[in-house]
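Novice: Can you read through this structure? Questions will come right after.
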């Protein structure tokens, strides 16, 4: 029943291909574990589920990773129960492991200014494209998948906005800074001069649609010039966008809408970084500190 479940996630729940792929990996891993017990996914008991979770912990899997697999199991068996394919949900009483609270990593403003204000980008198509990638991720806070899926027709240079297709196929409009508009005009001109006719905004050196590993590699390269943070990924630039917006007094609900979060709770995690900054300023400036 894995394939019908994955189709349900894609077509009815509108989960992203990446998320559905993660669910598939988790279920196939559990299925492999059950083979040693001569059991099937649809026949698994709560005891079997817990035995797999214990084995994952003994293998050294992080609590965060184990919790994702627990979530996959809970969603899968809830689906089976709803379809009346099982009489009892064996994952109902599974509880997630406690995890250490981690604040999102972000790049300092001075470091981002050093990157974007200096000529580390080459003056050719590749350099123009790389700069667009870094600027859009930082200036708009869009996700990597949203950037990859961005088409030229989604960019309104006259009004200075981009239309983004987010999670569960939800569209949102994000404003562009004037510097973004000028940069995109220059990049599109460079792209046309190279003879690339792809409808997608960001393309490879061969004119094909960009892909996740390419974006990861480019972001890691340029963040490596200016920052010593452990994680140098596109999502770090999303964290950086949100943190810098809130540091500068942006309304939390506005940041939520710009990020495309379904609930305010997901956005509130960034307020902790801003509070840490306020505490530092207080300690340095207040006579009673």
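In full-length UniProt numbering, the protein residues as written are 1 to 289. The beta-carbon is built from N, C-alpha and C at its ideal position, and this holds for glycine as well.
Go to residue 172, then tell me how far its beta strand (DSSP E) extends in each direction, as first and last residue.
Specialist: Position 172 of the chain shown, counted from the first residue, corresponds to residue 172. Residues 171 to 175.
Novice: In whole angstroms, what is the alpha-carbon distance linking residue 116 and residue 212?
Specialist: Locating residue 116 in the chain shown gives position 116, counting from the first residue. Locating residue 212 in the chain shown gives position 212, counting from the first residue. If you take the alpha carbons of residue 116 and residue 212, they lie about 22 Å apart.
Novice: Among 29, 139, 144, 257, which has the Cα closest to the Cα of residue 214?
Specialist: Taking the first residue of the chain shown as 1, we reach residue 214 at position 214. Ranking 29, 139, 144, 257 by Cα distance to residue 214 puts 144 first.
Novice: Span of the alpha helix (DSSP H) holding residue 78?
Specialist: Residue mapping note: residue 78 aligns to position 78 of the chain shown, counting from 1. From DSSP, the alpha helix (DSSP H) with residue 78 extends over 63 to 82.
Novice: Could you give the C-beta distance for residue 73 and residue 94, rounded to a whole number, given that I count them as a contact under 8 Å?
Specialist: For the purposes of this step, residue 73 is identified with residue 73 of the chain shown, where counting begins at 1. For the purposes of this step, residue 94 is identified with residue 94 of the chain shown, where counting begins at 1. That belief holds up - the Cβ atoms of residue 73 and residue 94 are roughly 7 Å apart, short of 8 Å.
Novice: Which value, in whole angstroms, describes the spacing of the CA atoms of residue 60 and residue 209?
Specialist: Here residue 60 corresponds to residue number 60 of the chain shown, with the count starting at 1. Here residue 209 corresponds to residue number 209 of the chain shown, with the count starting at 1. The straight-line gap from Cα to Cα measures roughly 37 Å.
Novice: Does the beta-carbon of residue 17 have 16 or more other beta-carbons within 10 angstroms, so that it is buried, or is it exposed?
Specialist: As a first step, residue 17 is located in the chain shown; it is residue number 17 there, counting from the start. With fewer than 16 Cβ atoms within 10 Å of its Cβ, residue 17 is classed as exposed.
Novice: Whole angstroms is fine: what's the gap from residue 202's alpha carbon to residue 230's?
Specialist: For this step, residue 202 is matched to residue 202 along the chain shown. For this step, residue 230 is matched to residue 230 along the chain shown. Computed Cα separation, rounded: 26 Å.
Novice: Expressed to the nearest angstrom, what Euclidean distance is found between the alpha-carbon atoms of residue 56 and residue 15?
Specialist: Here residue 56 refers to the residue found at position 56 when the chain shown is read from its first residue. Here residue 15 refers to the residue found at position 15 when the chain shown is read from its first residue. Rounded to the nearest angstrom, the two C-alpha atoms are 25 Å apart.
Novice: Whole-angstrom Cβ separation of residue 68 and residue 36, contact assumed at under 8 Å?
Specialist: Position 68 of the chain shown, counted from the start, is the residue given in the question as residue 68. Position 36 of the chain shown, counted from the start, is the residue given in the question as residue 36. Actually they are not in contact, since the Cβ atoms of residue 68 and residue 36 sit about 22 Å apart, beyond 8 Å.
Novice: Does the ligand HEM have a heavy atom nearer than 6 Å to the CB of residue 216?
Specialist: Because no ligand of any kind appears in the structure shown, any question about the ligand HEM cannot be addressed here.
Novice: Out of 161, 5, 187, which one is the CA nearest neighbour of residue 176?
Specialist: Position 176 of the chain shown holds residue 176. It is 161 whose Cα lies nearest to the Cα of residue 176.
Novice: Helix, strand or coil for residue 92, going by three-state DSSP, please let me know.
Specialist: Taking the chain shown and counting its residues from 1, the one referred to as residue 92 is at position 92. In the structure shown, residue 92 sits in coil (DSSP, three-state: anything other than H, G, I, E or B).
Novice: Beta-carbon within less than 7 Å of residue 64's beta-carbon, same chain only, minus the 5 sequence neighbours each way: which residues are those?
Specialist: For the purposes of this step, residue 64 is taken as residue 64 along the chain shown, with counting starting at 1. Here the set comprises 99.
Novice: Is the region 154 to 173 in contact with the region 115 to 135, if contact means three or more CB pairs nearer than 8 Å?
Specialist: At 8 Å Cβ cutoff, the stretches do not touch.
Novice: Can you give, in chain order, each stretch of the alpha helix (DSSP H) that sits fully within the region 120 to 158 and has at least 4 residues?
Specialist: Counting only runs of 4 or more, we get 125 to 140, 144 to 149.
Novice: Going by alpha carbons, who is nearest to residue 165 out of 182, 179, 147, 50?
Specialist: Counting from 1 along the chain shown, the entry for residue 165 is found at position 165. With distances taken between Cα atoms, residue 165 lies closest to 147.
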